[in-house]
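Below: the structure, in structure tokens.
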Amino acid sequence: MADVITYRDAVAEGIAREMRRDASVVCLGEDIGAAGGVFKTTTGLLEEFGPERVWDTPISEQAIVGAAMGAAMTGMRPVAEIMFSDFLACCWDYLANEIPKVRYMTGGQVTVPLVVRTANGGGLGFGAQHSQATENWALAVPGLKVAAPATPADVIGMLAAAIRSDDPVVFFEHKGLLATKGPPPPPDHVVELGRAAVVREGGDITLVALASMVPLALKAAEVLAGEGVEAEVVDLRCLVPLDAATVLASLRRTSRLVTVEENPYQGGWGATVVSVVADEGFGLLDAPVRRVAGECVPLPFADALEEQVVPTVDKVVTEVRRLAAY
Amino acid sequence: MDATALLDRYERMNVIRRTEKAAHDLFLQGLVKGTTHLAAGQEAIAVGASAALRPDDYVFATYRGHHHALARGATPEECLAELMSRATGLCRAKGGSMHLTKAATGMLGSYAIVGAHLPMAVGAAWSARLRGTEQLAVAFFGDGATNIGAFHESLNLAAVWKLPVLFVCENNLYMEYTPIADVTAVPRPAADRAPAHGIPGEVVDGNDVVAVEEAVGRLARRARAGEGPAVLEAETYRHFGHSRADPAAYRPAEEVERWLKHDPLDLARGRLAELGVGEETVAGADGRARAVVERAVEAAKAAPPPDPREALTDVWADGGAAWRT
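Next comes the structure, spelled out in structure tokens:
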């Protein structure tokens, strides 16, 4: 294997690894087969596994995710792709009402071991209906596991955990990270869902981030280090299970918290993190908490406008300076 | 169909009719909460179809699904206990009337979002094909579901993948309170749409258990042989309103009268007489059905409520509900 792998290729590699080890893993989605995915995240799967395991579908989000559910209830481990996470709204019934509830409302009679993969987030200039960070939508529904990796190695390791999970997982692949590179993980690399990673240590402030906000937070931490402020960066990796313990442990060292979220401030995942901290870690804090999140507007098209409404390194640095001086 | 088989179907329908009546009465006694969507009048579709299926086939039904649960292996006691919020309920009192499910016998659920389960049935059929089991999936749904997107997405995907799935519409003429004919541009809301998706659509008298069993059996053989999905529109009528809150005053009296004269149990009784089955034999089936349901009511009444700790189980496959560390 090469020295580095892109996030994009890691998606296909992560799926392929699981398809090689488990014949019940099958893929379905729009343009995922012959075309290799509109983001080229499923390149090579049709060639390696054939049309009985990699299925091109019509543009029918309800049928895609509903069929994945029916297959998951009857012995398969489907991996369904919803091309853009904005389109989850087209099949939201399945993610809000059906998949997360069927186990509970049948008294545990059925399991739904499926993964819904989707390209999430902004940064590619696609406008308001193809750029949203929608992981907070999934966070609002009990019964869904929510994963959003930031590195190629985590893509592979978390896909392994997601596909092997007997619970439904919504897997957010960040469009802005697809071209990024990192070291490829060893064979059988599995990253347990619900384990955050401390990706930079520091004693002055904790930055909690997810997906594309992780490299952004790391860049902000570099700027801050030049000013003598050492930020610890926690990559949450998953929203459900939420690794609150790792966040609280970091706050025991830093006593200051900033969440860095791409999703809008209103209803964003940082609000849940902050509420847990307020409940259980209030005494650890030496300063108010701050949330750097998206503005509560639809995402605009022009770069000059988009910059105004999404988190940037400058916005994070500015908030941290304020808190450090508190 | 010979007399023995028909008597069996008759008794099964009779059990369903009596269970629905019991559910209705128990609601009035305050022992069933929430709401119920009773299937009295539609028994022949569940019993006829089920008799034509293999035990390992998959059934997906709607919130009006008591008859399908009962036809696919759930007992009246399990169903009534579920409606009465008892620990012995089919879903351990976590589902209720609208979500009766018995996965162990292939009754993979009753779903209360209109049309949502059609794609699931497509997926179960896809799974059966991938596993090479020759199992069939059947989605039962009401006429109202034919105007929702998932219906059309399902028919197309099932057709293009040539899957072993049957779409059985229970057309009881009213979506909820509104006549389906008032909101649909074609006279047969399910069967008339099937050709647009490249699959056959048939209409059957849904109150005639013999006709239903024959039609489902034929379409099932076809689907199992790899010839693809089919739509069966079964014409029927519900004896009660849409749900508990609905006295169904919007239905013309002469229409109600006409359909009550075309009752599935009466039709089966008539056929049994034609086959030479004596009144005493039929009365015997009636008596057995009555006894089963009476015992079920008593057992459900005597069953304990669920352990409150059950509220925080069964979210995840590990049995728990933990969402964080």
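If you read the protein sequences in the order shown, they are chains A and W. Going by this note's numbering, the first residue of the first sequence is number 103, and it counts up by one from there. Going by this note's numbering, the first residue of the second sequence is number 12, and it counts up by one from there. C-beta atoms are modelled at their ideal positions from N, C-alpha and C, and glycine is treated no differently.
Quiz item: DSSP state of residue 75/A, grouped into three classes?
Solution: Because chain A is modelled from 103 through 428, residue 75/A falls outside the range shown and cannot be assessed.
Quiz item: For the region 372-385 of chain A, which residues have a CB atom closer than 8 Å to at least one CB atom of chain W, in sequence order?
Solution: Residues 378.
Self-check item: Within-7 Å CB hit, residue 147/W to chain A
Solution: Judged by the 7 Å Cβ criterion, residue 147/W is not in contact with chain A.
Quiz item: In chain order, what residues of the same chain have a beta carbon less than 6 Å from the beta carbon of residue 112/A, not counting five sequence neighbours either side?
Solution: Excluding sequence neighbours, residue 112/A sits near 254, 257 and 258.
Quiz item: Is it true that the region 211-224 of chain W meets the region 238-255 of chain W, where meeting means three or more beta-carbon pairs spaced less than 8 Å apart?
Solution: At 8 Å Cβ cutoff, the stretches touch.
Self-check item: Interface positions of the region 125-155 of chain A facing chain W (Cβ-Cβ less than 7 Å), listed along the chain
Solution: Going along the region 125-155 of chain A in chain order, one finds 128 and 154 with a Cβ nearer than 7 Å to chain W.
Quiz prompt | Residues of its chain near residue 301/W, where Cβ-Cβ distance is below 7 Å and the 5 sequence neighbours each way are ignored | solution = The answer, listed in chain order, is 29.
Practice problem: List the whole-angstrom C-beta distance separating residue 349/A from residue 309/A, where the pair is believed to meet the contact cut-off of C-beta under 8 Å. | Solution: No, residue 349/A and residue 309/A are not in contact; Cβ-Cβ is about 11 Å, not under 8 Å.
Quiz item: Under a CB-based cut-off of 7 Å, is residue 173/A close to chain W?
Solution: At a cut-off of 7 Å between C-beta atoms, residue 173/A counts as an interface residue with respect to chain W.
Quiz item: With a Cβ-Cβ cutoff of 7 Å, do residue 276/A and residue 222/A count as a contact?
Solution: Closer than 7 Å, so yes.
Quiz item: Using DSSP with H/G/I as helix, E/B as strand and the rest coil, what is residue 185/A?
Solution: Note: residue 185/A maps to strand in three-state DSSP.
Quiz prompt | Proximal chain W residues relative to residue 177/A, where beta-carbon distance stays under 8 Å | solution = Result: 138 and 142.
Quiz prompt | Distance between residue 357/A and residue 428/A (C-alpha atoms, nearest Å) | solution = About 11 Å.
Quiz item: Whose Cβ in chain W lies nearer than 8 Å to the Cβ of residue 165/A?
Solution: Result: 130, 133, 161, 164, 165, 167 and 168.
Exercise. With a cut-off of 8 Å on the beta carbons, I'd call residue 202/A and residue 135/A a contact; round off their distance for me.
Key: That belief does not hold up - the Cβ atoms of residue 202/A and residue 135/A are roughly 28 Å apart, past 8 Å.
Practice problem: Starting from residue 377/A, follow the alpha helix (DSSP H) in both directions and report where the run begins and ends. | Solution: It spans 371-382 - the alpha helix (DSSP H) in which residue 377/A sits, taken as one unbroken run.
Exercise. Quick one: grab the DSSP three-state call for residue 192/A.
Key: DSSP places residue 192/A in helix when its eight states are reduced to three.
Self-check item: Sequence-distant residues of the same chain with beta carbon closer than 6 Å to residue 233/A, five excluded per side
Solution: Result list for residue 233/A: 224 and 401, in chain order.
Exercise. Could you work out which residues of chain W lie near residue 190/A, taking near to mean beta carbons separated by less than 9 Å?
Key: What residue 190/A touches in chain W, judged by beta-carbon distance under 9 Å, is nothing: the nearest beta carbon there is about 15 Å away.
Practice problem: Could you please give the first and the last residue of the uninterrupted beta strand (DSSP E) stretch that includes residue 212/A? | Solution: For residue 212/A, no beta strand (DSSP E) encloses it, and the DSSP letter there is neither H nor E.
Quiz item: Around the C-beta of residue 105/A, are 16 or more other C-beta atoms found within 10 angstroms, so that it is buried, or is it exposed?
Solution: By the neighbour-count rule (16 or more Cβ atoms within 10 Å), residue 105/A is not buried but exposed.
Quiz item: By the 10 Å Cβ neighbour count, where 16 or more other Cβ atoms means buried, how is residue 36/W classified, buried or exposed?
Solution: That one is exposed.
Quiz item: Are the CB atoms of residue 217/A and residue 181/A nearer to each other than 7 Å?
Solution: In contact: residue 217/A and residue 181/A (Cβ atoms closer than 7 Å).
Quiz item: Taking one C-beta from the region 56-65 of chain W and one from the region 145-159 of chain W each time, how about it: are there three or more such pairs within less than 8 Å?
Solution: Three or more beta-carbon pairs separated by less than 8 Å link the region 56-65 of chain W to the region 145-159 of chain W, which places the two stretches in contact.
Quiz prompt | residue 360/W and residue 71/W closer than 7 Å at C-beta | solution = No statement about residue 360/W is possible, as the shown extent of chain W runs from 12 to 336 and does not include it.
Self-check item: Same chain, Cβ closer than 8 Å to residue 206/A, neighbours up to 5 away in sequence not counted
Solution: In the same chain as residue 206/A, and ignoring 5 residues on each side of it, the C-beta atoms closer than 8 Å to its own belong to 245, in chain order.
Quiz item: Which term fits residue 384/A, buried or exposed, when burial requires 16 or more other beta carbons within 10 angstroms of its beta carbon?
Solution: Per the 10 Å Cβ criterion, exposed.
Practice problem: Could you name the residues of the same chain whose beta carbon sits closer than 6 Å to that of residue 259/W, not counting the 5 residues immediately before and after it, in chain order? | Solution: Cβ within range, chain order: 252.
Self-check item: Close Cβ partners of residue 194/A (< 8 Å) along its chain, the five nearest in sequence each way excluded
Solution: If the five residues before and after residue 194/A are omitted, its C-beta is found closer than 8 Å to the C-beta atoms of 239, all from its own chain and listed in chain order.
Quiz item: What residue from 332/A, 248/A, 330/A and 325/A has the CA that sits closest to residue 419/A's CA?
Solution: Relative to the Cα of residue 419/A, the nearest Cα in the group 332/A, 248/A, 330/A and 325/A belongs to 325/A.
Quiz prompt | Straight-line Cα distance separating residue 196/A from residue 164/A | solution = When rounded, the distance between both Cα atoms is 7 Å.
Quiz prompt | Spatially closest choice to residue 203/W from 77/W, 225/W, 154/W and 74/W, by CA coordinates | solution = Comparing C-alpha distances from residue 203/W to each of 77/W, 225/W, 154/W and 74/W shows the shortest one belongs to 154/W.
Self-check item: Cβ neighbour criterion (16 or more within 10 Å) applied to residue 184/A
Solution: So residue 184/A counts as buried.
Quiz item: Which class does residue 300/A belong to by DSSP, given the choice of helix, strand or coil?
Solution: Correct three-state label for residue 300/A: strand.
Quiz item: Cβ of residue 342/A less than 7 Å from any chain W Cβ?
Solution: Using a CB distance cut-off of 7 Å, residue 342/A counts as an interface residue toward chain W.
Exercise. Using 10 angstroms around the beta-carbon of residue 188/W, count the other beta-carbons present and answer buried if the total reaches 16, otherwise exposed.
Key: Exposed, since its Cβ has fewer than 16 Cβ neighbours within 10 Å.
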